[in-house]
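One structure below.
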Amino acid sequence: MSNPNSIEQFWQSYLATLPPGPGRPPQPEAWSFGDNPALADELAALVLAGVKTATCSALWEHEADGEPLPQVGALSIILSGAGLPLAVIETVEVQIKPYDQVDAAFAYEEGEDDRSLASWRDGHRRYFTRTLARIGREFDESMPLVCERFRVLYRRPGEPATPSSSP
6 MSNPNSIEQF
16 WQSYLATLPP
26 GPGRPPQPEA
36 WSFGDNPALA
46 DELAALVLAG
56 VKTATCSALW
66 EHEADGEPLP
76 QVGALSIILS
86 GAGLPLAVIE
96 TVEVQIKPYD
106 QVDAAFAYEE
116 GEDDRSLASW
126 RDGHRRYFTR
136 TLARIGREFD
146 ESMPLVCERF
156 RVLYRRPGEP
166 ATPSSSP
């Protein structure tokens with residue numbers, strides 16, 4: 006889905022914005038939000054607009070896939086639904102908490118729908134019901150979530166608030 010050459014070029018563009026010297030970060034993982042291209046584009050647009058500054062995932066999916074949990078200070082390259090690199094983000098906070106203990110502040114920072122806790126719960130219930138089936142799990146209100154806050158360090162030069170799906 007993604008084009009490794011464009012990701013490498015994007016990463017090099019980001020590195021060029023940093024002061025010269027040792028200790029440059031290695032190229033991080035590139036990924037998109039959501040579970041389909043349309044959702045990836047929608048959520049990436051919220052990140053680029055500065056509305057979305059948090060995200061969450063099911064701890065069960067990390068465990069099933071053998072994926073490490075995000076770490077404070079880690080960088081990621083955010084992709085559009087078509088695999089176009091759009092932004093470099095830095096994780097600034099990670100907490101594990103049950104779905105039913107996510108608060109209104111975190112829901113607001115996720116930036117989706119009307120940003121209310123009620124809409125966050127509705128949308129994430131549907132999302133996790135859909136995605137957990139892949140690992141043979143079912144949505145549960147007490148399921149553990151990996152709640153992550155991040156900040157944008159770099160965005161594709163000239164990138165509009167709503168990214169294009171084509172690279």
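Final position of the sequence shown in our numbering is 172; the numbers increase by one with none missing. Each residue gets a CB set at the ideal place from its N, CA and C atoms; glycine is no exception.
Only counting the same chain, and skipping five residues up and downstream in sequence, which positions put a Cβ closer than 6 Å to that of residue i?
i	result
Pro162	none
Glu98	Arg154
Ala79	Thr96
Pro184	Since the first and last residues shown for the chain are 6 and 172, residue 184 lies out of range.
Give the single residue among the options whose Cα lies nearest to the Cα of residue i.
i	options	result
Ile109	Arg120, Arg29, Gly141 and Val99	The identity of residue 109 in the sequence shown is Ala, whereas the question assumes Ile. Nearest of Arg120, Arg29, Gly141 and Val99 to Ala109, Cα basis: Arg120.
Glu115	Ala79, His129 and Thr58	Thr58
Val56	Arg131, Leu122 and Glu117	Glu117
Ala43	Tyr159, Asp145, Ala87 and Asp105	Ala87
Val77	Asp40, Ile94, Gly128 and Gly28	Ile94
Between residue i and residue j, how many whole angstroms is the CB-CB distance? I'm expecting something under 8 Å.
i	j	result
Thr237	Glu66	Any question about residue 237 goes unanswered here, given that the chain covers just 6 to 172.
Leu84	Ala45	7 Å
Ala50	Phe38	Not really, about 10 Å apart at Cβ, beyond 8 Å.
My output table needs one value for residue i: the three-state DSSP class, helix, strand or coil.
i	result
Ala92	strand
Leu74	coil
Ala59	strand
Between residue i and the ligand NAP, is there a pair consisting of the residue's CB and a ligand heavy atom that are separated by less than 7 Å?
i	result
Phe38	Judged by which ligands are present, the structure shown has none, so any question about the ligand NAP falls away.
Return the chain-ordered list of same chain residues with a C-beta closer than 7 Å to the C-beta of residue i, the five sequence neighbours on each side being excluded.
i	result
Phe111	Ala59 and Cys152
Who are the near neighbours of residue i in its chain, counting only those whose CB is closer than 8 Å to its CB and skipping five residues on each side?
i	result
Glu146	Pro103, Tyr104 and Asp105
Note to self: What ranges does the beta strand (DSSP E) occupy inside the stretch 97–160, keeping only unbroken runs of at least 3 residues that lie completely in it?
What the structure shows: 149–160
Check: Curious, which full-length alpha helix (DSSP H) runs of at least 4 residues does the stretch 9–47 contain?
Finding: 9–20
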